[in-house]
Amino acid sequence: MSGGSSRPSRPPPRAPLAKGEPGALAPAPRTPRPLFRGDARPVVTIEYLGFHLDQEEYALPLPTVREILKVPTITEVPRAPVDVLGIISVRGTVVTLVDLRRRVGLPERPFDRRTRVLVVDRAGEQMGLVVDSVSEVVRLTRAQIEEAPAVVGAKHAELLAGVGRHGESMWVLLDLGAVLAGI
Amino acid sequence: MTGSEPPGARTDRALSEFFSEAQEIVEWLSRDLLLLDQCQKRGEQDPDLLNNVFRAVHTLKGLSGLFGVGRMTSLSHNLENVLDDLRLGRMALSAEVLDLLFDSVELYNRMLGDLKAGVDAEGSEVEDLLVRLDRAAAKKPTGQNVTLGEYELDAGLLAVLTEYEEHRLRTNVNGGCNLFRLCAHFELSVIDTDLEALKLAAKPFGEIITFLPSSTGSTEDAIDLDILLASHRPFAEVAKALSSDKVQVIEVPRKFVGRPTVLPAPPPAAGAPGTLPVGAELSAPFGEIDSAPSFPSSAPPGPPTALEHVSAPTTIRSVSQTVRVDIRKLDRLMNIVGELSIFGNAFARVGERIRAAGLLKELGPELHRMNRGFDRQLSDLQEGILEVRMVPLGQVFDKLARIVRQISREEAKEIRFVVSGSDTEVDKLIVEELSDPLMHLIRNAIDHGIEHSAERQAAGKPAVGTIALNAYQKGSHVVLEVEDDGRGIDEEELLRTAIDRGFITVESGRELSRRDLLGLVFLPGLSTKRTADELSGRGVGMDVVKTNISRLGGVIDVQSEVGIGTKLTITLPITLAIISALVVEVADRTFALALSTVQEALPLRADQLRTIEGREVISLRGATLPLCRLGQLFGWEEQAGPRTEYIVVAGMAGRRVGFVVDRLIGQQDIVIKALGRSLSAIRGLAGATDLGADGLALVLDVPSLVEEVLALELRTSEIGARP
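As you go down the protein sequences, you meet chains C and W in turn. Quick note on numbering: the numbering used here labels position 49 of the first sequence as 49, and the sequence is numbered without any gaps. In the numbering used here, each residue carries its 1-based index in the second sequence increased by 183.
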């Protein structure tokens, strides 16, 4: 499944990396210039990076993602927490790799050419999240973000920051801090 | 703390500069005090050293005043007074006074530490120290009844001497020195170098008391100086060595008239011949020897400015040529170098593609060349940064010398502390981590190694014990040896205690080699302070020392002979990050083990293998060695089927394990990298290392794996023994 069609088509230039708490629901809001003269009300949009896990679309606040990699050689680590796939080397730094499928309770699946690692930052430490594929940068206004519906969250509700809707499309917004908690 | 705000940041920075500088001066101070201590022990005096100490304290006073560190200023101010008294001979430099001066170094360090930690400690230490200094000083009034009357010195000269010079003059005359006058002629253009040369030449003969411009002979571009030299040597020798066409040596005549001369009160007008006091009138005035080279004098005889530095002992010396850098800044630079090399690689790939596609035939090779140059510069840069991290071990050694002095006085043991190789350079982080372990070792050597002098003499040893600290570089490692000529370690005693405490069984004890036996000293819990006394060996947490050393990627080894002494040898990598490792393959995975933990590696022969209570063991040269399969331990499937396996024997003393591996890949130097927060606590792993094309390999934490395997072993045998 690919995302809806009525989103802004071009990804904006990447926002500078946020220094604040990872996984905070709202990264620094961005106030674009009004599109039309006379449009006095500024629309605050928040940028997310959209990606796929199984058949669903997920998203993380864009500033929390440092970079996107193809899957490098993974070194398995014994006695590691269950959701940890192992470690990888990113430019000389040892990065702990988390299987995001496992983390959100989805069945495992072999990697393919679209599999990606999102390198995120947890209080100065780099962590990798394996996702099925990366779709695009999503801009959502406050109005387009809802609290996570109770239905979604049976087992993993604590990982969700909310749900973003734009036209026909829907993204599960993850709370990075919660995703990495306990790992 | 608002370090990010500009005003705060500025203060922080200024303060950190203050710390660096103060720290450096305190280190100098400590070093000079140690030298002074040695002099004092030999019964010698070195006024230069005392002046250095004085200057250091004086500088600290100025510095701390500048930064408003009142406690430090007041300590310095008071010390300065004490040191001035010492300099001027108003107080004798006794061992007690030296103790107190050493205490002041500790106090400075503590003050700096408090300041750095932001602790506003208001203590009475300064007052305490000063009270004790006062007391020590009061105990030793120095004889002021020395007279200079024996010499026919011009009262005018005496009048212009500073209090310090006068004191030095008294001391030297009192010490039976002869006085010589050097009449020297200097061209002003070269006076700096010529005067230095003369000072240097005169130094072996004695002490220069003062330089005075001669009343005659000065011209616009030249000056005559009268230099007063005190020497034990006879006139002929001094004259022969120092005379030249510019320098004339004259002996200051002794008086034979037995009229004791009380040192005159300074006459009001210096050098005015009309005011000569009693006792001087009989002699030829010092300043009026006509054989002095005479030049038409047109310039006024005032002292030229070029000379001022010579006679101003309180000059603040330029402290050092070095810059102190926060090591984190160097780490950051290293990271930037890493990032740059990524870009370099990217350029190289672009170059390759351009070449492969046959594009830009001229530019392609040029790009390639440029990239090669870039690479070279980059690795030079990296090397340079690594070099900056290297500091001489002397920093730690000085601290240790202070400790030796302190402990040996506490314990009333006489100890000669011999240091070599203090200029050996090691990564800054290692130096920081080394001081505690070394301090432990040296304290142990004094506490438990070196005997009291009576006992030593009874054993036919020199009364003074020796502790030697040697450092030298050996390949990419640095070796440190702490050696004492004390009573040595009694292995039998050590073994008995280890058996009594259940660390090893009687049987396994019998299998231990001598080296392994001594290695027992590092077992945790064996060498506590209490048992150390029982063992008449060493104690205080040798296991802690060993742990600290191995955390640095080093090894520690002990050699000892009862009655002769003990030698501990520490071998460390020069930089923290790189260790020698054995790379092995187990269950299709690659691991690295620090070579320092590996004893040997050998092929596993099926006929050696036995099973005791479900656990595999082999007999190795008569000893039973438990085996460990990492796949099993880590819960990984191992490939079945016949294949050659190897055993890597690792651990120490009686606690060894054989790790079964599929392949020995080889030995190489690796850079250990820390695992992330969630993985760093995993037992049995020390980190990871980048093997280049083969990706990351885990570095095993061998000591903890050995303990784990042996604990399992014990549990199994207990379960097996249950009815």
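All C-beta atoms in this analysis are idealised placements derived from N, C-alpha and C, irrespective of residue type, glycine included.
8 angstroms Cβ cutoff, residue i in contact with chain W
{"i": "Thr-96 of chain C", "result": "yes"}
{"i": "Gly-105 of chain C", "result": "no"}
{"i": "Gly-162 of chain C", "result": "no"}
{"i": "Ser-169 of chain C", "result": "no"}
{"i": "Pro-81 of chain C", "result": "yes"}
{"i": "Ile-68 of chain C", "result": "no"}
{"i": "Ile-183 of chain C", "result": "yes"}
{"i": "Val-71 of chain C", "result": "no"}
{"i": "Val-179 of chain C", "result": "no"}
{"i": "Val-84 of chain C", "result": "yes"}
Unbroken beta strand (DSSP E) run spanning residue i, endpoints
{"i": "Glu-828 of chain W", "result": "It is not in any beta strand (DSSP E) - Glu-828 of chain W carries neither H nor E in the DSSP assignment."}
{"i": "Phe-394 of chain W", "result": "389-396"}
{"i": "Leu-847 of chain W", "result": "846-854"}
{"i": "Ala-864 of chain W", "result": "Premise fails: Ala-864 of chain W is in no beta strand (DSSP E) and is neither H nor E."}
{"i": "Ser-89 of chain C", "result": "84-90"}
{"i": "Asp-428 of chain W", "result": "Here Asp-428 of chain W belongs to no beta strand (DSSP E), and DSSP marks it neither H nor E."}
{"i": "Asp-699 of chain W", "result": "Note, Asp-699 of chain W: premise wrong, no beta strand (DSSP E); alpha helix (DSSP H) at 697-702."}
Beta-carbon spacing of residue i, residue j below 8 angstroms
{"i": "Ile-406 of chain W", "j": "Leu-365 of chain W", "result": "no"}
{"i": "Val-889 of chain W", "j": "Ala-833 of chain W", "result": "yes"}
{"i": "Ser-733 of chain W", "j": "Pro-620 of chain W", "result": "no"}
{"i": "Leu-180 of chain C", "j": "Ala-161 of chain C", "result": "no"}
{"i": "Ile-68 of chain C", "j": "Arg-116 of chain C", "result": "yes"}
{"i": "Leu-879 of chain W", "j": "Ser-133 of chain C", "result": "no"}
{"i": "Leu-883 of chain W", "j": "Leu-868 of chain W", "result": "yes"}
{"i": "Asp-581 of chain W", "j": "Leu-266 of chain W", "result": "no"}
{"i": "Gly-272 of chain W", "j": "His-368 of chain W", "result": "no"}
{"i": "Thr-872 of chain W", "j": "Ile-848 of chain W", "result": "no"}
{"i": "Phe-388 of chain W", "j": "Glu-434 of chain W", "result": "no"}
{"i": "Arg-101 of chain C", "j": "Arg-113 of chain C", "result": "no"}
{"i": "Ile-672 of chain W", "j": "Val-587 of chain W", "result": "no"}
{"i": "Val-831 of chain W", "j": "Leu-792 of chain W", "result": "no"}
Under 9 angstroms by beta carbon: chain C residues contacting residue i
{"i": "Ala-871 of chain W", "result": "Thr-75, Val-77, Ile-87, Ser-89 and Val-94"}
{"i": "Ala-278 of chain W", "result": "Here the premise fails: no neighbours, minimum Cβ distance about 52 angstroms."}
Any C-beta of chain C under 8 angstroms from that of residue i
{"i": "Arg-866 of chain W", "result": "yes"}
{"i": "Val-892 of chain W", "result": "no"}
{"i": "Leu-232 of chain W", "result": "no"}
{"i": "Ala-205 of chain W", "result": "no"}
{"i": "Arg-318 of chain W", "result": "no"}
{"i": "Phe-202 of chain W", "result": "no"}
Span of the alpha helix (DSSP H), counted from its first residue to its last, around residue i
{"i": "Glu-616 of chain W", "result": "611-627"}
{"i": "Ile-374 of chain W", "result": "374-385"}
{"i": "Glu-349 of chain W", "result": "346-357"}
{"i": "Leu-241 of chain W", "result": "The sequence given here places His at residue 241 of chain W; Leu does not occur at that position. Start and end: 230-249."}
{"i": "Ala-259 of chain W", "result": "Looking at the sequence itself, residue 259 of chain W is Ser, so the reference to Ala does not match. Run containing Ser-259 of chain W: 253-270, per the alpha helix (DSSP H) assignment."}
{"i": "Thr-680 of chain W", "result": "674-683"}
{"i": "Gln-565 of chain W", "result": "546-571"}
{"i": "Arg-588 of chain W", "result": "577-593"}
{"i": "Val-179 of chain C", "result": "176-180"}
Chain-ordered chain C contacts of residue i [CB-CB under 8 angstroms]
{"i": "Leu-313 of chain W", "result": "The premise fails here: Leu-313 of chain W is roughly 47 angstroms from chain C at the closest Cβ pair, so nothing lies under 8 angstroms."}
{"i": "Phe-817 of chain W", "result": "Pro-78 and Arg-79"}
{"i": "Leu-879 of chain W", "result": "Thr-73, Thr-75, Ile-87, Ile-88, Ser-89 and Val-94"}
Proximal chain W residues relative to residue i, where beta-carbon distance stays under 8 angstroms
{"i": "Glu-125 of chain C", "result": "Gly-859 and Arg-860"}
{"i": "Val-119 of chain C", "result": "Within 8 angstroms Cβ-Cβ: nothing; Val-119 of chain C doesn't reach chain W, min ~12 angstroms."}
{"i": "Val-130 of chain C", "result": "Those within 8 angstroms of Val-130 of chain C in chain W number zero; the least Cβ separation is about 15 angstroms."}
Partner residues on chain C for residue i, Cβ-Cβ distance less than 7 angstroms
{"i": "Lys-856 of chain W", "result": "Val-94"}
{"i": "Arg-772 of chain W", "result": "Glu-76"}
What residues in the stretch 566-583 of chain W have a beta carbon less than 8 angstroms from any beta carbon of chain A? Going by chain labels, chain A is absent from the structure shown, which instead holds the protein chains C and W.
Which runs of the beta strand (DSSP E) fall wholly inside the stretch 726-772 of chain W and span at least 3 residues, in chain order? 738-744, 748-756 and 761-769
Run through the stretch 271-313 of chain W for me and flag every whole alpha helix (DSSP H) of 4 or more residues, listed as ranges in chain order. 278-299
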